[in-house]
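Worksheet: the structure to be examined is printed underneath.
In the working numbering, the protein residues as written are 1 to 179.
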């Protein structure tokens with residue numbers, strides 16, 4: 001057996017007993033190898049030295065001290081409320097365009113590009129129509145004039161929500177932690 005394997009077994013023996021077969025292999029190797037005998041003696045001396053050390057008790061308030069130190073080092077990212085307000089405004093505007101874009105007259109769709117976009121918007125509007133169904137009948141009767149009004153309204157609502165959330169969180173570092 002090689003010295004590296006025996007060194008590993010000697011370290012394992014320090015942690016706990018080896019199997020009978022492993023112990024026989026170690027003893028057999030130690031009887032022939034002076035370097036491994038020196039390593040065993042060094043491990044035995046280290047074990048004795050550790051036994052001579054006094055048992056140290058951690059301070060009673062160590063948990064509180066560690067928690068306080070972590071709290072001092074922890075930084076909290078500021079809230080990004082404006083981002084979600086902007087997403088809500090864009091979603092509302094896109095929903096209005098998508099849903100009411102299908103009511104645009106054909107003379108608006110002059111070019112192929114607009115026709116393709118119109119078709120894509122119409123198919124997307126059909127997929128989310130369950131979301132907008134309560135308003136469909138009333139707003140379609142009003143006609144395409146409402147599309148710009150709805151878009152403007154959605155954008156303004158997003159801007160107002162962004163301003164309100166920004167001012168509300170002005171004194172906060174985020175997640176309710178006051179600076």
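Ideal Cβ placement from N, Cα and C applies to all residues, glycine included.
Sixteen is the threshold: since fewer than 16 other Cβ atoms of the shown chains lie within 10 Å of the Cβ of residue 16, the residue is exposed. By the neighbour-count definition (other C-beta atoms within 10 Å, threshold 16), residue 3 is an exposed residue. Ranked by Cα distance from residue 161, the first of 22, 26 and 85 is 85. Per DSSP, reduced to three states, the secondary structure at residue 91 is helical. Pairing residue 10 with residue 22 gives a Cβ-Cβ distance that is not under 7 Å.
When C-alpha distances from residue 93 are compared across 13, 159, 163 and 164, the shortest belongs to 159. For residue 63, the uninterrupted alpha helix (DSSP H) segment begins and ends at 62-73. In the structure shown, residue 52 falls within a helical segment according to DSSP collapsed to helix, strand and coil. Secondary structure of residue 33 (DSSP, three-state): coil. Non-local beta-carbon contacts of residue 14 in its own chain, meaning distances under 7 Å to residues more than five positions away in sequence, involve 43 and 47 in chain order. Residue environment: residue 20 is assigned as exposed (fewer than 16 neighbouring CB atoms within 10 Å of its CB, all protein chains considered). Here residue 57 is exposed, its C-beta having fewer than 16 other C-beta atoms within 10 Å.
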